[in-house]
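Data first, discussion second: the structure below is written as structure tokens.
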Amino acid sequence: MPTSTSRAPGSLGSNGLPSLDALRFIYVTGKGGVGKSTATAALARAMAARGRRVLVCMTNAKERMSGMLGSPPIGPEIVSAAPNIDAVNMEPRKCLEEYGVMILKVKALYKALFENRYVDSFFRAVPGLYEWSMLGKAWYHTTELLSGKTSDDVDAPYADGWKYETVIVDGPATGHGLDMLRVPRVLLDVAPAGPMRKEAERAWRLFQDPSHAGVVMVTLPEEMPANETLELAEGVREMNLPIPRLVVNGLLPPLFQHEQRGLLLARELPLGLTSAHARASREQIQEDALAKLATLKLPTSYLPFLVNQEPSSPQAILALAHHL
Amino acid sequence: MTSPKSRKLTIPPQSHLAKLLDTKQVLLCVGCGGVGKTTTSAALALAAARAGKRVLCLTIDPAKRLANSLGLEHMTREETLVSPEIFARAGVPVDGSLTVMMLDTKRTFDEIVIRHASSQKAREAILNNKIYQYVSTSLAGTQEYMAMEKLQALREAGTYDLIVLDTPPTANALDFLDAPERMVEAIDSPAMRWFVQAFTGKSVSLGLLGKGSQLVLKAVGKITGAAFLDQLAGFIAAMNDLFGGFTERAKRVSEALRGPDVAFVLVTSPEPMAIEEINFFADRLREFAMPRDVYVVNRMHMPPAPLPGDLAGELVGCGLPADPAFQHAVQAAHHEATLLAQRDASHLERLRIDARDPTPVLRVPAFENDVHDVGALARVGEALIGHVAA
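Protein sequences, first through last, are from chains A and B. Here the working numbering is used: the first residue of the first sequence is 1, the next is one more, and so on. Here the working numbering is used: the first residue of the second sequence is 1, the next is one more, and so on.
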């Protein structure tokens with residue numbers, strides 16, 4: 001099992017953690033509502049600020065990334081969203097069509113295909129195909145060179161460099177999130193030789209390579225999200241995929257010291273002091289959750305809880321980027 | 001527990017929700033992940049059981065501690081009656097009964113296969129098919145569909161007065177409403193029949209399909225690999241053989257969702273993303289002319305009570321430190337709580353309420369601790385439907 005501490009390009013980032021900058025492919029996942037998109041946007045900003053050319057891929061999401069990056073709306077075509085950051089909201093039908101055009105080359109053939117009235121609903125119904133069309137597209141962008149050619153030999157030096165040095169996928173919420181990651185492996189099981197299988201193999205090889213790819217898990221310092229993160233980590237590790245970083249979002253800066261918390265929580269307090277009691281309680285829950293998460297022994301980044309600004313505003317994202 | 005605002009409504013949302021528990025047979029709790037849907041479902045189920053109903057709570061992926069609090073080692077995939085002793089020990093009188101069950105997507109699907117298979121051989125062919133194994137566990141929409149399939153089977157059995165369904169946390173609200181349609185499409189649609197016929201060449205229809213089909217098929221094969229199509233055709237053909245009546249079945253499941261005895265509880269938190277999602281879901285329900293019975297907004301930060309005028313005195317009176325640093329921390333906590341309440345209230349304004357047909361909005365305060373014992377669950381239930389007379 002690849003452990004996060006044994007990653008090859010062992011340069012430490014400014015926060016003392018193994019840097020994510022060398023990764024070509026990052027898949028961000030976590031339960032709904034924990035701030036996956038926030039973490040994705042902040043990570044993209046952080047890497048872009050360090051000079052990486054980044055592509056952010058949303059997986060057919062309700063588009064909120066543009067609000068976070070302060071860019072025009074992001075649709076199914078790749079757009080420039082911020083300095084060094086391109087972004088796209090992948091739409092399965094369109095991904096599949098792009099793929100078809102690439103493979104088929106003959107115009108008459110793909111015209112016949114995509115104009116056939118059955119084909120659309122056929123593709124919609126083929127298990128896993130929509131998921132793969134998106135994941136496959138994201139992977140494909142890791143193979144693009146600035147010259148317009150492609151290569152998936154991640155270690156080969158190219159004079160002109162990669163078009164995108166890092167592709168970040170803002171995955172669907174857990175459950176579907178892991179299901180999507182599992183698709184290439186299912187394809188390896190069910191799909192005999194063919195172009196789809198070949199690509200799935202290449203993509204899967206990259207996803208499993210701890211020096212070039214990884215799953216970034218996002219969570220909150222609360223009881224249920226922490227428990228679910230332990231399960232998620234288990235699922236990811238079962239698939240033999242590296243987890244180079246855990247991102248704990250919404251970390252409360254403690255107001256009370258440990259003993260003070262104990263005093264507050266041990267008492268029935270009058271109404272006017274309930275806000276202090278509630279705060280102490282949250283701090284205690286956070287401490288317990290962090291202890292639980294620490295058992296994962298993952299390099300961990302903490303994003304502070306923002307009281308004074310909208311957490312999904314471009315300013316907030318830039319502030320959070322400093323923590324990644 | 002009631003927020004000042006909800007008291008102003010002419011019909012308190014609590015009594016509206018209480019009426020739903022009393023008159024409906026199915027409550028569907030919908031909303032995106034992480035908004036407390038499972039807790040809301042369990043609390044509603046318990047409240048109905050306390051009011052004398054025989055209730056089943058069908059849940060998807062409950063927290064272990066919630067299961068433990070109900071006296072279960074872990075949430076089982078069987079219908080499990082919560083022991084009355086558990087309620088007695090927690091001092092929560094329950095006149096009816098509460099049964100809980102966790103949805104097992106794969107098993108529900110397997111059961112359908114086993115029930116409908118024409119022969120042992122056909123059954124095994126399906127259950128061992130790799131594509132089936134993927135479909136039955138991982139295909140987006142399968143879980144949603146199987147939740148409804150199970151719901152329908154349980155309704156037909158007629159054992160319960162009320163079933164509360166904690167729906168899967170959909171990445172996309174569409175998944176849930178479209179699930180039956182998608183399942184049919186995956187197995188028994190004109191497109192799939194076309195594919196199987198064209199691919200296997202077994203029917204007279206190759207000619208009927210026209211020259212285009214073969215060209216199209218060739219193109220599809222180039223994309224997916226012809227051998228993959230081979231597997232797929234085998235799978236579809238087997239499924240088709242199995243589910244002569246699958247389309248009918250899915251149609252019935254889909255129609256059952258639209259019955260007058262089904263209520264939709266739209267669960268959200270004040271987070272903008274959750275509100276956006278629930279707005280979207282409400283729009284879809286409206287499109288389908290389906291009811292939007294009540295909004296439950298969990299985890300609302302309520303404006304805190306004002307700090308005591310003599311803070312130092314009050315702290316000393318409570319046996320707490322009163323040094324300036326501690327006082328400052330208490331003030332900071334109060335200030336933060338005030339800001340959070342303002343933020344939640346302003347986010348909640350984004351909830352789209354139809355002016356002509358306003359859906360009641362029930363605000364549930366953030367609880368300090370996660371809910372995982374029967375007593376806490378009962379208190380959430382009381383907050384949801386007003387006080388339950390013991």
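Backbone N, C-alpha and C define an ideal beta-carbon position, used for all residues, glycine too.
Taking its Cβ as the centre, do 16 or more other Cβ atoms sit within 10 Å of residue i, making it buried, or is it exposed?
| i | result |
| --- | --- |
| T166 of chain A | buried |
| H328 of chain B | exposed |
| N308 of chain A | exposed |
| K130 of chain B | exposed |
| G207 of chain B | Annotation note: pLDDT 44 at G207 of chain B (below 50); position unreliable, coordinate value reported separately. Exposed: under 16 other Cβ atoms inside 10 Å. |
| L81 of chain B | exposed |
| I114 of chain B | exposed |
| S312 of chain A | buried |
| S80 of chain A | exposed |
| N240 of chain A | exposed |
| A191 of chain B | buried |
| S83 of chain B | exposed |
| M148 of chain B | buried |
| K8 of chain B | Legend: pLDDT at K8 of chain B = 35, less than 50; position of this residue unreliable, no value from coordinates given. |
| G381 of chain B | buried |
| H258 of chain A | exposed |
| R89 of chain B | exposed |
| N369 of chain B | exposed |
| L255 of chain A | buried |
| G91 of chain B | exposed |
| Q315 of chain A | exposed |
Does the distance from the CB of residue i to the CB of residue j come in under 9 Å?
| i | j | result |
| --- | --- | --- |
| H347 of chain B | I278 of chain B | no |
| E91 of chain A | N116 of chain A | no |
| V169 of chain A | F25 of chain A | yes |
| V247 of chain A | A41 of chain A | no |
| H212 of chain A | A22 of chain A | yes |
| A341 of chain B | H301 of chain B | yes |
| A42 of chain B | V164 of chain B | yes |
| A289 of chain A | E234 of chain A | no |
| L20 of chain B | V296 of chain B | no |
| L303 of chain A | G319 of chain B | no |
| K163 of chain A | R282 of chain A | no |
| V28 of chain A | L220 of chain A | no |
| W194 of chain B | F207 of chain A | no |
| L162 of chain B | L257 of chain B | no |
| R245 of chain A | L17 of chain A | yes |
| V215 of chain A | L181 of chain A | yes |
| P13 of chain B | P360 of chain B | yes |
| L43 of chain A | A321 of chain A | yes |
| V267 of chain B | G31 of chain B | yes |
Name, in chain order, the residues that DSSP records as bridge partners for residue i.
| i | result |
| --- | --- |
| F25 of chain A | A:V167 and A:A213 |
| S41 of chain B | According to DSSP, which records beta bridges pairwise, S41 of chain B is partnered with nothing at all. |
| D166 of chain B | B:C29 |
| F264 of chain B | B:L28 |
| P195 of chain A | According to DSSP, which records beta bridges pairwise, P195 of chain A is partnered with nothing at all. |
| W162 of chain A | A:L145 |
| V218 of chain A | A:V247 |
| R54 of chain B | B:S97 |
| R363 of chain B | B:V297 |
| T59 of chain B | B:M102 |
Less than 9 Å between CB atoms is the rule here; does residue i satisfy it with respect to chain E?
| i | result |
| --- | --- |
| G33 of chain B | Among the protein chains in the structure shown, which are A and B, there is no chain E. |
Should residue i be counted as a contact of the ligand COA given a C-beta to heavy atom distance under 8 Å?
| i | result |
| --- | --- |
| D373 of chain B | With respect to small molecules bound, the structure shown includes none, and the ligand COA cannot be examined in it. |
Check each residue of the region 244–264 of chain A: if its Cβ is closer than 8 Å to any Cβ of chain B, include it; give the result in chain order. The region 244–264 of chain A vs chain B, Cβ under 8 Å: L255, F256, Q260, L263 and L264.
Please go through the region 215–243 of chain B and give each complete alpha helix (DSSP H) segment of 4 or more residues, from N-terminal end onward. Fully enclosed alpha helix (DSSP H) runs of 4 or longer: 226–242.
Please specify which runs of the alpha helix (DSSP H), each continuous and at least 4 residues long, are wholly inside the region 291–343 of chain B, giving them in chain order. Counting whole runs of 4 or more residues, the region 291–343 of chain B contains the alpha helix (DSSP H) stretches 311–317.
Which runs of the alpha helix (DSSP H) at least 4 residues long sit entirely within the region 95–119 of chain A? Give them in chain order. If we require 4 residues or more, the alpha helix (DSSP H) runs fully inside the region 95–119 of chain A come out as 107–115.
Please identify, using Cβ separations under 9 Å, the residues of the region 46–70 of chain A that lie next to chain B, in order along the chain. Cβ proximity to chain B below 9 Å picks out T59, N60, A61, K62 and R64 from the region 46–70 of chain A.
The region 265–277 of chain A: which residues have C-beta closer than 8 Å to a C-beta of chain B, in chain order? Taking 8 Å as the Cβ-Cβ cut-off against chain B, the residues of the region 265–277 of chain A that qualify are R267, L269, P270, L271, G272, L273, T274, S275, A276 and H277.
Using a Cβ cut-off of 9 Å, which residues of the region 21–34 of chain A contact any Cβ in chain B, in chain order? Residues of the region 21–34 of chain A with a Cβ closer than 9 Å to any Cβ of chain B, in chain order: K31, G32, G33 and V34.
Which runs of the beta strand (DSSP E) at least 3 residues long sit entirely within the region 89–168 of chain B? Give them in chain order. Runs found: 97–102 and 162–166.
What residues from the region 216–233 of chain A come within 7 Å of chain B, judged by C-beta to C-beta, listed N to C? Of all residues in the region 216–233 of chain A, E223, M224 and N227 have a Cβ within less than 7 Å of some Cβ in chain B.
Under 8 Å, CB to CB, which of the residues in the region 284–301 of chain A have a partner in chain B? The region 284–301 of chain A vs chain B, Cβ under 8 Å: I285.
According to a CB-to-CB cut-off of less than 9 Å, which residues of the region 350–384 of chain B neighbour chain A? Along the region 350–384 of chain B, going in chain order, the ones with a CB nearer than 9 Å to a CB of chain A are A366, E368, N369, D370 and H372.
Enumerate, from N- to C-terminal direction, the unbroken alpha helix (DSSP H) stretches of 4 or more residues contained entirely within the region 40–103 of chain A. List check, alpha helix (DSSP H) in window: 65–69.
Going along the chain, which residues of the region 221–240 of chain B sit with their C-beta nearer than 7 Å to a C-beta in chain A? Cβ contacts with chain A: K222, I223, T224, G225, A226, A227, F228, Q231 and L232.
Interface positions of the region 260–277 of chain B facing chain A (Cβ-Cβ less than 9 Å), listed along the chain: Residues are counted here when their Cβ sits less than 9 Å from a Cβ of chain A; for the region 260–277 of chain B these are S269, E271, P272, M273, A274, E276 and E277, given in chain order.
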